[in-house]
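Q:
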Ligand code: PA5
């Protein structure tokens, strides 16, 4: 496992007094967050009990299940998508994440479903979010029609708060397989609970390295999380309010989606802890390298200077050589003897240097490879970095009043 944060031309920032003072504060917040019993995500890397619980749940499913439908949204879906997409070669069984309530998609999925060989994992921390509840009702009704009630019930796994909410009650009354999300872990911080672990284990992903990587990052990665938080804080102060995540790796595309939600919901706040209107937060954009070099880079290089750029490059990639079959044509000659990994590396470096020429801030996360430990470390690092940034901004990174309000209005509209 290896991650290094290369601050490139922005390394000078570290010399500044503002940076050093903020870093000192950030280190204090790191400890405080780790020690606060109300903040649970920091305990997850050391906690293997959820792996056992997920194992047990897997053993309770009927034989022959080939597909798991994950019915959840936001923090109850993005972590699963991140894990499934990061490790496609480990997936022996299919996990389909259904988060949206688009009837066209739902209809298509229902037309394809094989109830006999499928199971449902409804995930909702609160147990009251209408999207997973509506999807659960719909898929369950279909299973019940196809298989009868008791066989349908055997194919349901409920993941919800350890004690509260309607889904917890339903799981108890219907005697369903159920998994717990600890009360002190919020949705977007919950990927290392059964929220992300169960679907990943169903697929065949070994989740222990994820936890080991997260644990190591907690022990050894304070500087990285603090540096990231200070940099985000400083850019936010300078109204450089668009944060572009640029993974040069298809398998990390949904990791970037997950991270974007993490900082968007955690740091986008109307008021600070003193109840003053601050309207904090950075707008995230995911750009996939190299694909989005051909759609977004023109804007980034020459458009408004309101962005900071975070590149994720992977050192060890499968080496697929580019065959030299059309060498007599000049445009092909540059590729002679090269591999796709070399091409990807050159394009990432070229893009970074080109942006730097316009004095744009680039940060590069250099990853040795994309394995379980590295992803686990990234998960912990960015959860911690986001929390520390929130503390530096003096806002609460663990609530989401804006989301809650929208949910309530939608409910009222449905009731009316
Ligand atoms: O991070 C969060 O808290 C949110 O994104 C929630 O995960 C999302 O709104 C879904 O909520 P719940 O898991 O309660 O259904």
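Residue numbers (the numbering used here): 903 to 1318. For every residue, glycine included, the Cβ atom is placed at its ideal position computed from N, Cα and C.
If the criterion is Cβ atoms closer than 8 Å, does the pair residue 1188 and residue 1249 meet it?
A: no
Q: Starting from the C-beta of residue 1142, find all residues in its chain whose C-beta is less than 6 Å away, skip the five residues before and the five after it, and write them out in chain order.
A: 1208, 1210
Q: Determine whether the beta carbon atoms of residue 1085 and residue 1064 lie at a separation below 8 Å.
A: When the beta-carbon positions are compared, residue 1085 and residue 1064 come within less than 8 Å of each other.
Q: Which of helix, strand or coil does DSSP assign to residue 1253?
A: helix
Q: Where does residue 1150 fall in DSSP's three states?
A: coil
Q: Could you tell me which whole alpha helix (DSSP H) segments of length 4 or greater appear in the stretch 1109-1183?
A: 1110-1122, 1124-1139, 1155-1169
Q: Count Cβ pairs between the stretch 949-965 and the stretch 1051-1061 that sit closer than 8 Å; are there 3 or more?
A: yes
Q: Can you find the residues in the same chain that come closer than 6 Å, C-beta to C-beta, to residue 1146, ignoring five residues on each side of it along the sequence?
A: 1187, 1189, 1209, 1211
Q: In chain order, what residues of the same chain have a beta carbon less than 6 Å from the beta carbon of residue 968, not counting five sequence neighbours either side?
A: Counting only Cβ-Cβ distances below 6 Å, and skipping sequence neighbours, we find 995, 1019.
Q: In this structure, what does DSSP give as the bridge partners for residue 971?
A: 998, 1022
Q: Taking the Cβ atom as the reference point for each residue, do residue 1288 and residue 1299 lie within a distance shorter than 8 Å?
A: Yes, the pair counts as a contact, with Cβ atoms nearer than the cut-off.
Q: May I ask you to check if the CB of residue 1281 is nearer than 7 Å to at least one heavy atom of ligand 1?
A: no
Q: From this set, 1176, 1148, 1128, which residue's C-alpha is nearest residue 923's C-alpha?
A: 1128
Q: Between which residues of its own chain and residue 1030 is the CB-CB distance below 7 Å, once the five residues before and five after are set aside?
A: 1067, 1068
Q: What span of residues does the alpha helix (DSSP H) with residue 919 cover, start to end?
A: 919-937
Q: Would you mind reading off the limits of the beta strand (DSSP E) that contains residue 1188?
A: Counting along the chain, the beta strand (DSSP E) containing residue 1188 begins and ends at 1185-1188.
Q: Quick one: complete beta strand (DSSP E) runs, 3+ long, within the stretch 1202-1247?
A: Within the stretch 1202-1247, the complete beta strand (DSSP E) runs of at least 3 residues are 1209-1216.
Q: Under the DSSP definition of a beta bridge, which residues are partnered with residue 1062?
A: 1026, 1082
Q: According to DSSP, what are the bridge partners of residue 1374?
A: Outside the shown range of the chain, which is 903 to 1318, sits residue 1374, and nothing can be said about it.
Q: Return yes when at least one heavy atom of ligand 1 lies under 7 Å from the C-beta of residue 1302, else no.
A: yes
Q: How far does the alpha helix (DSSP H) with residue 1042 in it reach, from first residue to last?
A: 1032-1049
Q: What is the rounded straight-line gap between the Cα of residue 1096 and the Cα of residue 957?
A: 10 Å
Q: In the DSSP assignment, find the alpha helix (DSSP H) that holds residue 1287 and state where it starts and stops.
A: 1274-1295
Q: Which one of 1169, 1220, 1286, 1102 has the shortest CA to CA distance from residue 959?
A: 1102
Q: Quick check on DSSP: helix, strand or coil for residue 1313?
A: helix
Q: With distances taken from CA atoms, which of 915, 1258, 1121 is nearest residue 1204?
A: 1258
Q: With a cut-off of 8 Å, do at least 3 Cβ pairs link the stretch 1265-1275 to the stretch 904-917?
A: Result yes; three or more Cβ-Cβ pairs closer than 8 Å.
Q: Go through its chain and collect everything with a Cβ distance to residue 1017's Cβ below 7 Å, but skip five positions before and after it.
A: 1044, 1045, 1048, 1049
Q: Provide the residue span of the alpha helix (DSSP H) that contains residue 1195, from first to last.
A: Element bounds for residue 1195: n/a, residue is neither H nor E.
Q: Can you tell me the Cα-Cα spacing of residue 915 and residue 987, whole angstroms?
A: 35 Å
Q: Should residue 1003 be counted as a contact of ligand 1 given a C-beta to heavy atom distance under 7 Å?
A: no
Q: Which one of 935, 1022, 992, 978 has the shortest CA to CA distance from residue 1073?
A: 1022
Q: Looking only at its chain, what residues have a beta carbon closer than 8 Å to the beta carbon of residue 1185, apart from the 5 residues adjacent to it on each side?
A: 1143, 1144, 1145, 1166
Q: Going by C-alpha distance, which of 1194, 1305, 1070 is nearest residue 1163?
A: 1305
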